[in-house]
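According to our numbering, numbering within the sequence shown proceeds without interruption in unit steps and concludes at 267.
All C-beta atoms in this analysis are idealised placements derived from N, C-alpha and C, irrespective of residue type, glycine included.
What follows is one structure encoded as structure tokens, with my remarks underneath.
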Amino acid sequence: MTDPSAEAVPPRGARSEPMPALPRLEATRFEVEVTEHAARLLATLRRLLGAHDEAQDCFQDAMLSAWRAREGFAGEASVYTWLYRICVNAAFKRLKRRATRDEVDIDATMPVFHEKGWFLEPVAPWEEQAVSRLERDETCARVRACIERLPVDYRAALLLKDIEERSCAEVAELLGISVSNAKIRIHRARQALRALLELELRRAAPTR
Numbered sequence: 060m061t062d063p064s065a066e067a068v069p070p071r072g073a074r075s076e077p078m079p080a081l082p083r084l085e086a087t088r089f090e091v092e093v094t095e096h097a098a099r100l101l102a103t104l105r106r107l108l109g110a111h112d113e114a115q116d117c118f119q120d121a122m123l124s125a126w127r128a129r130e131g132f133a134g135e136a137s138v139y140t141w142l143y144r145i146c147v148n149a150a151f152k153r154l155k156r157r158a159t160r161d162e163v164d165i166d167a168t169m170p171v172f173h174e175k176g177w178f179l180e181p182v183a184p185w186e187e188q189a190v191s192r193l194e195r196d197e198t199c200a201r202v203r204a205c206i207e208r209l210p211v212d213y214r215a216a217l218l219l220k221d222i223e224e225r226s227c228a229e230v231a232e233l234l235g236i237s238v239s240n241a242k243i244r245i246h247r248a249r250q251a252l253r254a255l256l257e258l259e260l261r262r263a264a265p266t267r
């Protein structure tokens, strides 16, 4: 993971150092940068949105927004970082628009505590939970369906941390919240996802 103190969200495997001063990001340079980073940005949108066609549409919308905002680009971070943020924001706007009534009550999925502070039921570590078992059984569609049931704010934090592999500081920056709030959202989203996946496993288990 990157240093949480980094001032910008760096790409994975891409140039991350600030560009030389590019006031207003003139049209030719904008086209070159978009062409260079398009595949990587589209991959990010597919991971966040889960559908190729929607990712394509979102990418077009995001690049239109970037084109209109190019004169405000100050070169303080890499062009990729700037485009990445615009794409992520566009994706989360779509996630909020498609929120469904099937969203889970996040509080209802949290572990239950005894009044003296201990768990009423044992809670195993996140790494040992249903995600890995479902993936081994090639049921990633179920994982995605469960993620879609998380409230958007929690879903966004989970996707950025566990799918995009961003640090808590980067998640906080992208979502416009504090690092402590980002950590809370990530933790609660994982707990909720685990509960939903365990329920899916029980439903999918063969009956005797």
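Looking at the structure shown, is S237 part of a helix, part of a strand, or coil, going by DSSP? Translated into positions along the sequence shown, residue 237 becomes position 178. Looking at S237 - three-state DSSP - the assignment turns out to be coil, as it is neither helix nor strand.
Taking the CB atoms as reference points, tell me whether A150 and L107 lie closer together than 7 Å. Within the sequence shown, numbered from 1, the residue matching residue 150 stands at position 91. Within the sequence shown, numbered from 1, the residue matching residue 107 stands at position 48. A contact, by the Cβ cut-off of 7 Å.
Could you check how far apart the C-beta atoms of A154 and A215 are, in whole angstroms? I think they sit under 8 Å. As a position in the sequence shown, residue 154 is number 95, starting the count at 1. As a position in the sequence shown, residue 215 is number 156, starting the count at 1. In the sequence as displayed, the identity of residue 154 is Leu instead of Ala. Correct: roughly 7 Å between the Cβ atoms.
Does G109 come out as helix, strand or coil in the three-state DSSP assignment? Taking the first residue of the sequence shown as 1, we reach residue 109 at position 50. Collapsing the DSSP output to three states places G109 in coil.
Are the CB atoms of A114 and L123 within a distance shorter than 7 Å? Counting from 1 along the sequence shown, the entry for residue 123 is found at position 64. Counting from 1 along the sequence shown, the entry for residue 114 is found at position 55. Result no, Cβ atoms of L123 and A114 do not sit closer than 7 Å.
So I145 is in the alpha helix (DSSP H); what residue range does that whole segment cover? By one-based count along the sequence shown, residue 145 stands at place 86. Per DSSP, the unbroken alpha helix (DSSP H) holding I145 starts and ends at V138 to R156.
Give the single residue among L252, H96 and Q119 whose Cα lies nearest to the Cα of R203. Looking up residue 203 in the sequence shown gives position 144. Nearest option by C-alpha distance: L252.
Pair within 7 Å by beta-carbon distance, A248 and Y213: The residue you call residue 248 lines up with position 189 of the sequence shown. The residue you call residue 213 lines up with position 154 of the sequence shown. Yes, Cβ-Cβ distance for A248 and Y213 is below 7 Å.
Helix, strand or coil at G134 according to DSSP, with G and I counted as helix: Here residue 134 is taken as the residue at index 75 of the sequence shown, counted from 1. Coil, per DSSP.
Within the stretch 193-229, ranges of the beta strand (DSSP E) (whole runs, at least 3 residues): For the beta strand (DSSP E) assignment, the stretch 193-229 encloses no uninterrupted run of at least 3 residues.
Chain-order list of residues whose beta-carbon lies under 7 Å from that of L100 (same chain, five-residue window excluded): Translated into positions along the sequence shown, residue 100 becomes position 41. So the list reads F118, L142, Y143 and C146, once near-sequence residues are dropped.
Is L260 near C205, with beta carbons less than 7 Å apart? For the purposes of this step, residue 260 is taken as the residue at position 201 of the sequence shown. For the purposes of this step, residue 205 is taken as the residue at position 146 of the sequence shown. No. Outside cutoff.
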